[in-house]
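Numbering (my numbering), first residue to last: 1447 to 1716. Heads up, the thing below is written out as structure tokens.
Below, the structure is given as structure tokens:
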């Protein structure tokens, strides 16, 4: 059973087997393309491959569960054939998809809902005993940007994490990764407020995952597009690591690995 070790920052490369993800939708829908992308992530130094079969961009609509499950299982199996030792994460908020993914060979479940969209997710993770990414979002993607009103953003998020961690513990789940959910039910200003205060979440005592790769908080601020948001992504990934992030979830693995390498240089010369 895979156990997460985040002593050094880890790089999680994104592999979306979707038609409509905001940046790379449609690129990796064939088995050949999936294998090629997995090979690229690993060759560039990625530690984890995160596979998603349903877009969770703002305003994205759900696809049928069986369609998501079929896409996920096929992707996990074909990557496992080529890379039996690769660490595979699956991005889903459906318990049945999570179970099928782990049976097919996935190691980690990455749930944008933190167990709130499917009441069977946390009990299922308890049975599967795999690492679990607990993310914060106030609503499903189709309506999450209509729910950006908070009286105390940090306080409400910490309360959410505390409640869900306690629920996970009741189901004997202790290998937990926290994700603040940048872009999920947050305004541009709120996203940067969270980045400024990122170290607060590390105080909960769990590894921290940050996923801001080419998101609108970057390209809208800079007046550009996702295709031209790599430089801004690299800047924010640098900030995130300096503020205690343990995992970076990225489209551009090589650039994130370079950030990690530069920041890992000794602070003092001999």
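Virtual Cβ for every residue (Gly too), placed ideally from N, Cα, C.
For residue 1555, the uninterrupted beta strand (DSSP E) segment begins and ends at 1554-1557. Taking the CA atoms as reference points, residue 1699 sits about 7 Å from residue 1491. Per DSSP, residue 1659 lies in no beta strand (DSSP E) and is assigned neither H nor E. For residue 1623, the uninterrupted beta strand (DSSP E) segment begins and ends at 1622-1625.
The three-state secondary structure of residue 1677, taken from DSSP, is helix. Residue 1580 has its alpha-carbon roughly 12 Å from the corresponding atom of residue 1604. One Cα belongs to residue 1632, the other to residue 1591, and the distance between them is close to 7 Å. Within the region 1473-1501, the runs of beta strand (DSSP E) that reach at least 3 residues and sit entirely inside it are, in chain order, 1494-1498.
The distance from the Cβ of residue 1679 to that of residue 1693 is about 15 Å, inconsistent with a contact at the 8 Å cut-off. Distance from the Cα of residue 1512 is smallest, within the candidate group 1524, 1541, 1485, 1505, for 1541. Of the candidates 1526, 1578, 1509, 1526 places its Cα closest to the Cα of residue 1481. Counting every other CB atom within 10 Å of its CB across the protein chains shown gives residue 1642 a total below 16, marking it as exposed. With respect to the C-alpha of residue 1664, the residue from 1654, 1645, 1647, 1635 having the closest C-alpha is 1635. Measuring C-alpha to C-alpha distances from residue 1530 to each of 1495, 1670, 1701 identifies 1495 as the nearest.
Judged by their CB atoms, residue 1578 and residue 1619 are nearer to each other than the 7 Å cut-off.
Residue 1641: member of the alpha helix (DSSP H) spanning 1634-1642, first to last residue.
In the structure shown, residue 1700 falls within a helical segment according to DSSP collapsed to helix, strand and coil. Leaving aside the five residues that flank residue 1528 on each side, the residues in its chain whose CB is nearer than 6 Å to its CB run, in chain order, 1481.
Nearest C-alpha to residue 1520 among 1464, 1457, 1585, 1706: 1464. Beta-bridge annotation (DSSP): residue 1462 is paired with 1498.
The beta strand (DSSP E) runs of length 3 or more contained entirely in the region 1501-1554 are, from start to end of the chain, 1533-1537. Per DSSP, reduced to three states, the secondary structure at residue 1650 is coil, with no helix or strand assignment.
Counting every other CB atom within 10 Å of its CB across the protein chains shown gives residue 1476 a total below 16, marking it as exposed.
Residue environment for residue 1587: buried (at least 16 other C-beta atoms within 10 angstroms of its C-beta).
Under DSSP, residue 1457 forms a beta bridge with 1694. In the three-state reduction of the DSSP assignment, residue 1668 falls in the helix class.
Taken atom to atom, the span from the alpha-carbon of residue 1662 to that of residue 1676 is near 12 Å.
Secondary structure of residue 1711 (DSSP, three-state): coil.
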